[in-house]
Amino acid sequence: MKPELPFSLEDLYRAENFLGQGEVEAALPLLRELRDDAEAYIAVACPTSDEVQWFSFSDAFERLAYRRVERDPRRLEQAPLPFDRLYSDLGFAYIRLEEWALARDALMQAVRWDPMNCSYRLDLAEVFHILGDVREWASLSHSVLDRASDPRSAGRAYANLGQLFCDEGNAKAAAGCLSRARALAPRERRVDALADRAGALFGGVEVSDEDAAAELENQGVPASLNAEIAICLIMCATDASRAGDADEATRLTIRARDLVGADAAAALIRLVRESDAELAAEREGARDANGGAAAPADPKEGTDA
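For the sequence shown, position 242 (counting from the first letter as 1) is numbered 1443 according to our numbering, and the numbering increases by one without interruption.
Structure representation (structure tokens):
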């Protein structure tokens, strides 16, 4: 029998309200208490094994995207509370106090509980950068490009990598990152900072778009975002539409369009619809072969049965 939940959402809201008002000294003791209670609960109620892992994904899209991107074969269980948010709040409080090592540890737990939340990854990357760990800063920024489901996060990641290439004196790769960052997040301050620095370092160097993209690939940096993420958004939009939630379907479709562009999103929508139609036809054929008995429904690739 599982123990009682370690805290309520109202407890978390209370701590977040203190943070929102800038009252870090009031928020921090409460967040620490919630964390201690949560960790005692997790040790008993959410044990990790070779077969099972627990996460606190924010929605069905994140769960599906994690399965398709990470290829994790374990059974995924949803935690009963947003543990990721608790650790993120704690990390934010430590950042405000410039307790960088404690902020790093808290944000690492936020990423562990919701590995598809790119804001957590980028915040953690910044903390590693402040701590002088450039390798982890770059690695986390790179990891966002496979997982980003919004243009701003992807733009921030490209801007970080562009700064790395500026450090290395690689004008082509820096130009490629700047071009992608500008297209994705034109009003992001990190993109402006990269533009200023790249201009100062490489202002007299002409780099074509083709050379810049080729150099990114040479450096192992994708010149385009992961289409799997857009596919997951469209699959979830399709499910929402079938469930009668037109607003959610529209929201998810717009996210896919903003991520990969209108033309690519339209092509992916056609692909998902064709795949769904083929699957429906296969099930109908199996039903006929079984004399009218319903064939077992195959779960979508990348989801749990």
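Beta carbons are placed, not taken as given, at the ideal position from N, Cα and C, and that holds for glycine.
Please read these numbers as outputs of a predicted model, since none were measured by experiment.
Taking the straight line between their C-alpha atoms, what separation do you get for residue 1215 and residue 1284?
Cα to Cα, the separation comes out at about 15 Å.
Cα separation between residue 1249 and residue 1255?
Distance between the alpha carbons of residue 1249 and residue 1255 is about 7 Å.
Considering only C-alpha positions, which residue in the set 1373, 1431, 1204 is nearest to residue 1406?
Taking only the C-alpha atoms, the option nearest residue 1406 is 1373.
Under 8 Å between the Cβ atoms of residue 1291 and residue 1206?
For residue 1291 and residue 1206, no; Cβs fall outside 8 Å.
Rounded to the nearest angstrom, what separates residue 1253 and residue 1463 at their Cα positions?
So the alpha carbons of these two residues sit roughly 38 Å apart.
Residue 1414: buried (16+ other C-beta within 10 angstroms of its C-beta) or exposed?
The residue is buried, with at least 16 neighbouring Cβ atoms inside 10 Å.
Among 1377, 1409, 1408, 1410, which residue has its Cα nearest to the Cα of residue 1395?
Nearest option by C-alpha distance: 1377.
With 16 as the cutoff for other CB atoms within 10 Å, does residue 1219 come out buried or exposed?
Looking at its Cβ environment, which holds 16 or more other Cβ atoms inside 10 Å, residue 1219 is buried.
Put residue 1501 into one of helix, strand or coil per three-state DSSP.
Only weak support exists for where residue 1501 lies, its pLDDT of 49 falling under 50; the value from the coordinates is given anyway. Residue 1501 falls in the coil class under three-state DSSP.
Drop a sphere of 10 angstroms on the beta-carbon of residue 1340, count the other beta-carbons inside from all chains shown, and report buried for 16 or more, exposed for fewer.
Flag for residue 1340 reads exposed.
Who are the near neighbours of residue 1432 in its chain, counting only those whose CB is closer than 6 Å to its CB and skipping five residues on each side?
Hits under 6 Å: 1469.
Which class does residue 1222 belong to by DSSP, given the choice of helix, strand or coil?
Residue 1222: coil per DSSP, three-state reduction.
According to DSSP, is residue 1256 helix, strand or coil?
Correct three-state label for residue 1256: strand.
Which residues bound the alpha helix (DSSP H) around residue 1278?
First-last for residue 1278: 1276-1279, but that is the beta strand (DSSP E), not the alpha helix (DSSP H).
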